[in-house]
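First the structure, in the form of C-alpha cells, and then the observations on it.
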Amino acid sequence: MRTEASPDYLNNHITKEMEEQFNISGDLLSQAIENADGVPYQLTFGTGVGDGSFMNVGFGVKQLFGISPEEFTEMLFQQMIEEIIPGSEDIPVDPVETREKIISGAIRKYKAELLVKTPGGEKKWIRDCSIPVIDDKTGKATGLLGIFFDISEHKLTLLELGRALDRATESDRLKTAFLNNIPHEIRTPLNAIVGFSTLVNEPGQLMQSRLEFQEIITHSSDHLLEIVDDVVEISKIEAKVIRIINKEVNLNQMLQRVYDRFKPDAAEKNILLRYDAPMDEKEIIITTDGYKLFQSLNNLLSNAVKFTFEGKVEFGYTFKEDKIEFYVSDTGIGIGVEHQPNIFKPFYQAESSSTKRYEGTGLGLSIAKAYIELLGGEIWFTSEPGKGSVFCFNIPGPGKNSNRPRYSL
Ligand code: ADP
Numbered sequence: 010m011r012t013e014a015s016p017d018y019l020n021n022h023i024t025k026e027m028e029e030q031f032n033i034s035g036d037l038l039s040q041a042i043e044n045a046d047g048v049p050y051q052l053t054f055g056t057g058v059g060d061g062s063f064m065n066v067g068f069g070v071k072q073l074f075g076i077s078p079e080e081f082t083e084m085l086f087q088q089m090i091e092e093i094i095p096g097s098e099d100i101p102v103d104p105v106e107t108r109e110k111i112i113s114g115a116i117r118k119y120k121a122e123l124l125v126k127t128p129g130g131e132k133k134w135i136r137d138c139s140i141p142v143i144d145d146k147t148g149k150a151t152g153l154l155g156i157f158f159d160i161s162e163h164k165l166t167l168l169e170l171g172r173a174l175d176r177a178t179e180s181d182r183l184k185t186a187f188l189n190n191i192p193h194e195i196r197t198p199l200n201a202i203v204g205f206s207t208l209v210n211e212p213g214q215l216m217q218s219r220l221e222f223q224e225i226i227t228h229s230s231d232h233l234l235e236i237v238d239d240v241v242e243i244s245k246i247e248a249k250v251i252r253i254i255n256k257e258v259n260l261n262q263m264l265q266r267v268y269d270r271f272k273p274d275a276a277e278k279n280i281l282l283r284y285d286a287p288m289d290e291k292e293i294i295i296t297t298d299g300y301k302l303f304q305s306l307n308n309l310l311s312n313a314v315k316f317t318f319e320g321k322v323e324f325g326y327t328f329k330e331d332k333i334e335f336y337v338s339d340t341g342i343g344i345g346v347e348h349q350p351n352i353f354k355p356f357y358q359a360e361s362s363s364t365k366r367y368e369g370t371g372l373g374l375s376i377a378k379a380y381i382e383l384l385g386g387e388i389w390f391t392s393e394p395g396k397g398s399v400f401c402f403n404i405p406g407p408g409k410n411s412n413r414p415r416y417s418l
C-alpha cells in the first residue's frame, strides 16, 4: 500500500527495516500532529460507508468526541455527522458519492468541514483533511490517512462576525432608507398643513372653501401622526421593547371597525370592499392584544386598498386546526417576484423613490409582521403582478392557553 503523498520508492518494496523506520517516523508524525491540536487517523474502507475501521487514531479523539480511540468506529463517526461543507467543488456532500469518487481516484485530496453531534450531545465543527491510501495492485483507494481539527471556536467567531456584519449592513440600509423616504413622506402633509392653514385664514374665502381646507388640514395632520407613530413603533420593535397587552376582543366587531375605516377610500376608488366572518357564530371573543391585531389588519387593508384600482378587496378569518387564520385579498397591481423576498423589511418599497406614485413609508408590513409574531402567529402571502395579492396570517386559536376563544352564540 502507498499513500498518494508517499514517495515512489516506498510503493513496492518495503523492507523490514524501512517499515520499522516508517513506523517510527509515523509515530513521531502522529505526535507532531497532536501537538498541533490535530487528531490523526487511518481509515480502512469496509464494504460500504460506515463499515470501515479506524486505526492509529490519536488520543486527542477523546477530547474531541468524548470517545476513546478503541471505541471510535466508522459507523459511530458517520452517525455523528449532521452537516458536511465540502472544501472544494469536486467533493460531493453525499458521503456515498464521495466514497465512490475516492475509491476510483477521482478525489485525491479530501477536505471538508463537518458539523458533528458527539455521543455526549455536544455539537462541534471539525475540519477533516485526508488523502487516499492506494492499493498498488488494483490502483484503487482502500482507505484514508487523515487528520481531524476542532474548528468550533473559529466557526463561532465567523458566525458572530457574519451576524455583526448583517446587523451593520441592515442598520446602514435602514438609515439610508429612512433618510431617502421619510423627509419626502413628511414634507407632503406638512406642506399641505402650512399652505392650507394660511389660506383658511385669508379674508374673503368662501365658507365652503374654508371647510374644505380644514378637512385637508385634518387629513394631513392625521397622516403626519401616522408616519410619526410608525417610525416610533418600528424603533421600539427594533429595540425589542414592545409588550403584549392581552384583553378580550370581539373579533366580528373588530372586522366591522376595519371595514368602516376603509369603506370611504374603497368607495372613492370604486372598488368593492367586503368582509367575511364565520356564518354560524355571531360573536367570537378571544383574548389577545386587540390593538396589535387591529393595526395588523389595518396595515394589510391599507395596502390592499391603496394598490387596487379595479375589482375588489376582501378580508375575513376562518378557524384552522388550533389557529385563527385571517386573510386580506385584493385584485390590485400585485408584487413582482423580485420584490417578494424583501417586502417585510422595514422601509422596503417595490417602487423606486424616483418614480414613486403611492404614499407610504414602507413600514406597514414590517410592523404587521412583528406584531403578528409577538401574538404567536405567522404571516405569509402570495401575489401575482397584474392579478393581485393575498396576505394571510394566523394567531393562536381555540385550545391555545391564554388566547383561547370564547364563543357566544
Ligand atoms: P407602504 O407604506 O409602502 O405600503 P408596506 O410595508 O406596507 O409599506 O409595504 C411595502 C411594499 O410592499 C409596498 O410599498 C408595496 O410595494 C408592496 N405591497 C404591500 N402590499 C401590497 C399589495 N397588497 N399589493 C401590491 N403591493 C403591495
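Residue numbers (this note's numbering): 10 to 418.
Think of the CB as a built atom: it goes at the ideal place given N, C-alpha and C, for glycine as much as any other residue.
Any chance the CB of residue i is under 7 Å from a heavy atom of the ligand ADP?
i, result
"residue 91", "no"
"residue 312", "yes"
"residue 233", "no"
"residue 223", "no"
"residue 372", "yes"
"residue 325", "no"
"residue 339", "yes"
"residue 106", "no"
"residue 402", "no"
"residue 359", "yes"
"residue 320", "no"
"residue 189", "no"
"residue 308", "yes"
"residue 398", "yes"
"residue 81", "no"
"residue 375", "yes"
"residue 316", "yes"
"residue 243", "no"
"residue 352", "yes"
"residue 5", "The shown model of the chain, from 10 to 418, leaves out residue 5, and the question about it has no answer."
If you follow the beta strand (DSSP E) that residue i is part of, which residue opens it and which one closes it?
i, result
"residue 99", "Taken as a continuous stretch (DSSP letters only), residue 99 belongs to no beta strand (DSSP E), as it is neither H nor E."
"residue 81", "Element bounds for residue 81: n/a, residue is neither H nor E."
"residue 50", "47-53"
"residue 285", "281-285"
"residue 118", "Element bounds for residue 118: n/a, residue is neither H nor E."
"residue 356", "No beta strand (DSSP E) holds residue 356; DSSP gives it neither H nor E."
"residue 153", "150-159"
"residue 404", "397-405"
Please tell me whether residue i and residue j are closer than 8 Å, where the distance is taken between their beta carbons.
i, j, result
"residue 133", "residue 142", "no"
"residue 89", "residue 127", "yes"
"residue 270", "residue 307", "yes"
"residue 350", "residue 372", "no"
"residue 121", "residue 95", "yes"
"residue 301", "residue 380", "yes"
"residue 319", "residue 283", "no"
"residue 50", "residue 63", "yes"
"residue 338", "residue 402", "no"
"residue 226", "residue 244", "no"
"residue 336", "residue 325", "yes"
"residue 406", "residue 328", "yes"
"residue 160", "residue 136", "yes"
"residue 217", "residue 208", "no"
"residue 164", "residue 113", "no"
"residue 314", "residue 285", "no"
"residue 5", "residue 151", "This structure cannot speak to residue 5, because the chain is shown only from 10 to 418."
"residue 383", "residue 353", "no"
Could you have a look at residue i and say whether DSSP puts it in helix, strand or coil?
i, result
"residue 318", "coil"
"residue 351", "helix"
"residue 131", "coil"
"residue 377", "helix"
"residue 326", "strand"
"residue 332", "strand"
"residue 213", "coil"
"residue 384", "coil"
"residue 254", "coil"
"residue 246", "helix"
"residue 366", "coil"
"residue 164", "helix"
"residue 5", "Outside the displayed range of the chain (10 to 418) lies residue 5, so it cannot be described from this structure."
Measure the C-alpha to C-alpha separation of residue i and residue j and round it to an integer number of angstroms.
i, j, result
"residue 341", "residue 316", "5 Å"
"residue 388", "residue 400", "7 Å"
"residue 259", "residue 393", "33 Å"
"residue 145", "residue 130", "41 Å"
"residue 357", "residue 92", "34 Å"
"residue 43", "residue 250", "49 Å"
"residue 70", "residue 237", "59 Å"
"residue 188", "residue 157", "50 Å"
"residue 171", "residue 183", "18 Å"
"residue 153", "residue 173", "39 Å"
"residue 195", "residue 345", "27 Å"
Between which two residues does the alpha helix (DSSP H) harbouring residue i extend?
i, result
"residue 268", "260-277"
"residue 74", "70-74"
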